[in-house]
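Numbering (numbering that gives the first Met the number 0), first residue to last: 0 to 373.
Structure first, then comments.
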Amino acid sequence: MPSALSQAELLRYSRHLIIPGVGPDGQMKLKNASVLLIGTGGLGSPAALYLAAAGVGRLGLVDPDVVDASNLQRQILHGESWIGKPKLESAADRLREINPHITVEQHPVRFTPANARSIAESYDIILDGCDNFPTRFLTNDTAFFLKKPLVYGAIHRFEGQVSVFAPHLGGPCYRCLIPTSPAPGAVPSCNEAGVLGVLPGIIGSLQAMEAIKLILGLGEPPLGKLVIYDALSTSFRSIKLRRDTTCRLCGDHPSIFSTENAETTAPATCQVDDPNMQSITTSELRKRLNGDFDAVLIDVREPHEHAVANIPQAELIPLATLPDQIDRLPKDREIIVHCKSGGRSAKAVDFLIANGFENVTNVTGGMDAWLAES
């Protein structure tokens, strides 16, 4: 473990060294600290950049994905020249340019119950930059069992959230806020709902700040507090969170004793796997559309999604408006429903069947699968 700062580092961190509470000793704490970032996307990008610039000595990055053009609106670690290449290679290249005095460790895999503890155990802090509920539950459970602080962040359109979950420090865990996974498709992802590109920059920077505070022992981390930022009103508000004594993980009588459980092993997408639901693949749908198609095809996505890509034969009826338009749909013809990836369309199928429609079919994989075959 390094015991001194080099002359180059003294120059680089000179603005830190004059801050009361940081100084050379604090900078050494940063140099000897380690943070594991789950994801190098919208939240992970700004968090990683500022942690690297601050001199956090070892950064671990977990991300199996490649850079896509749609990432560049918000994932500022990556650039045009890295499209189609691994995100971790792009991230490591950028972070080493920001600060050559740090170590960047790459974990080009999906964070799963099988590998979570072995990946995370050597890091001081876990920073959650993921975009799905199973991984959020997994980062929480892993941090709990390893007794490491979890710096949580989440974004949606114009709003973001930040907290620190650390029952070993006296606060609640993520499950005290959300005990179980929402129903598939109930909460739209950024891909479905959209997000203003600058918002993850704000929330990810706040996550980096909380990680640095934890390392330095400065200030008060938001233990037992969910900080909510509303970009449209330029306002912050806080909600008190208390440890739930009935929490299945950190409560008085826990029932979860492993990182492998119902929430962490659930599918990361909103695809609904119901063996009793009548379904059709996108390739089968394509064949039928090219033949004698006599069904009614409905797209239950939002207008902004439809404007980007659509199936010309489909009628746009957003899921929220379906109850108002149900009376004009024919009950004597097959109705085929699609959305982005299958979650919302499955809810639409259930709704139509509950209202007397007998021949209703869900499109497996939705528009994502349709475009992948194009």
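Glycine residues also receive a C-beta, built at the ideal position from the N, C-alpha and C atoms.
{"Asked": "Name the residue from 89, 111 and 16 whose alpha carbon lies nearest to the alpha carbon of residue 261.", "Found": "111"}
{"Asked": "Measure how close the beta-carbons of residue 168 and residue 222 come, nearest whole angstrom, since I'm counting them as under 8 Å.", "Found": "6 Å"}
{"Asked": "What are the start and end residues of each continuous alpha helix (DSSP H) run of 4 or more residues lying completely inside the region 145-205, in chain order?", "Found": "173-176 and 189-192"}
{"Asked": "Buried or exposed: where does residue 269 fall if 16 or more other Cβ atoms within 10 Å of its Cβ makes it buried?", "Found": "With a pLDDT of only 48 at residue 269, under the threshold of 50, the placement of this residue in the model should not be trusted; the figure read from the coordinates follows. Classification for residue 269: buried."}
{"Asked": "Please give the ranges of any beta strand (DSSP E) in the region 13-78, keeping only runs that are unbroken, at least 3 residues long and fully inside the region.", "Found": "33-37 and 57-61"}
{"Asked": "Does the pairing of the region 293-309 with the region 145-159 give three or more beta-carbon distances under 8 Å?", "Found": "no"}
{"Asked": "What residues are listed by DSSP as bridge partners for residue 228?", "Found": "159 and 235"}
{"Asked": "Using CA coordinates, which residue listed in 230, 244, 69 and 59 is at the minimum distance from residue 90?", "Found": "59"}
{"Asked": "Let's test the definition: count the other Cβ atoms within 10 Å of the Cβ of residue 179 and tell me whether it reaches 16, buried, or not, exposed.", "Found": "exposed"}
{"Asked": "Please classify residue 341 as buried or exposed, where buried requires at least 16 neighbouring CB atoms within 10 angstroms.", "Found": "buried"}
{"Asked": "Which partner residues does residue 360 have in the DSSP bridge list?", "Found": "335"}
{"Asked": "Classify residue 206 as buried or exposed, calling it buried when 16 or more other Cβ atoms lie within 10 Å of its own Cβ.", "Found": "buried"}
{"Asked": "For the region 271-322, which segments carrying the beta strand (DSSP E) assignment without a break, of at least 3 residues, lie completely within its bounds, in sequence order?", "Found": "278-280 and 295-298"}
{"Asked": "With 8 Å set as the bound, which would you pick, yes or no: does the beta-carbon of residue 216 sit closer than that to a beta-carbon of chain D?", "Found": "Chain labels in this structure do not include chain D; a single protein chain is all it has."}
{"Asked": "Determine, using beta carbons only, whether residue 212 and residue 218 come nearer to each other than 8 Å.", "Found": "yes"}
{"Asked": "If you compare alpha carbons, which of 2, 134 and 314 is closest to residue 428?", "Found": "Past the boundaries of the shown model lies residue 428; the chain is included only from 0 to 373, so the question cannot be answered."}
{"Asked": "Between which two residues does the alpha helix (DSSP H) containing residue 118 stretch?", "Found": "115-119"}
{"Asked": "Could you name the residues of the same chain whose beta carbon sits closer than 7 Å to that of residue 198, not counting the 5 residues immediately before and after it, in chain order?", "Found": "154, 157, 159 and 230"}
{"Asked": "Can you give the beta carbon distance from residue 29 to residue 53, rounded, assuming they're within the 8 Å contact cut?", "Found": "6 Å"}
{"Asked": "Taking Cβ positions, are residue 343 and residue 294 nearer each other than 8 Å?", "Found": "no"}
{"Asked": "Looking only at DSSP bridge pairs, what is residue 125 linked to?", "Found": "35 and 149"}
{"Asked": "How big is the Cα-Cα spacing for residue 55 and residue 364?", "Found": "41 Å"}
{"Asked": "Can you give the beta carbon distance from residue 220 to residue 163, rounded, assuming they're within the 8 Å contact cut?", "Found": "4 Å"}
{"Asked": "Would you check if the distance between the CB atom of residue 359 and the CB atom of residue 351 is smaller than 8 Å?", "Found": "yes"}
{"Asked": "Which of the three DSSP states is assigned to residue 240 in this structure?", "Found": "coil"}
{"Asked": "Please name the residue in 108, 57 and 277 whose C-alpha comes closest to that of residue 65.", "Found": "108"}
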